[in-house]
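Data first, discussion second: the structure below is written as structure tokens.
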């Protein structure tokens, strides 16, 4: 019969793995709940600009459902007088032209004057959306923005814009397939939670300190 200390070791290891797995699972699904609840709510007030994050462009330069929904939401905010300009952020993906340019074409067809729109056409990720758009905004003297994207995407997007020194509100494009389809909503929300947990610097980013009066 093996010594008690050796026979007990596999049991302790199993318990440790179970506890660790449970903690990770709770962390992912707990954060996924926070991501989902955050994304479903409007968090807007008057801003210097509305920033619209790009999504897939279909063959022939046709906006995907997500790209169309995000642009329409931004146009709605512009019509409400929330901000004097729209910033469209997104580079060229699989199909040209750039996501930003497709959003611009749609927004102008919906009545937004071209001179109220700014294009950022170099980004290919959320981190680049924030970094490149923030550079343009700071050069224009903007400090507060409202970011428009799919609900599942908004918490991470806000955090990246905070890391780039901007005060950020968020507005969800609710009429997208990834939000209306329950399976898609679950998958993309959990995926976002994992992404945030893997990047704690982003998850913990705080709003910038306002300048002294």
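In full-length UniProt numbering, the protein residues as written are 1 to 213. Heads up, the beta-carbon is just placed ideally off N, CA and C, and yes, glycines get one too.
- In the DSSP secondary-structure assignment, residue 171 is bridged to 148.
- Look at the beta carbons and you see the region 159-176 not touching the region 95-102: under three pairs across the two are nearer than 8 Å.
- For residue 148, the closest C-alpha among the options 94, 157, 185 and 199 is that of 157.
- Taking residue 172 as the centre and dropping the five residues before and after it, the same chain places the C-beta of 39, 40, 41, 42, 73, 148, 149, 150, 151, 154 and 179 closer than 8 Å to its C-beta, in chain order.
- The three-state reading of DSSP puts residue 49 in strand, counting E and B together.
- If you look at residue 119, you'll find it in the beta strand (DSSP E) that goes 117-120.
- Approximately 6 Å separates the beta-carbon atoms of residue 168 and residue 145; this is inside 8 Å, confirming the contact.
- A check of alpha carbon separations from residue 105 across 199, 67, 197 and 35 identifies 67 as the nearest.
- For residue 86, the enclosing beta strand (DSSP E) begins and ends at 86-89.
- Across the set 202, 200 and 190, the C-alpha of 190 shows the shortest separation from the C-alpha of residue 36.
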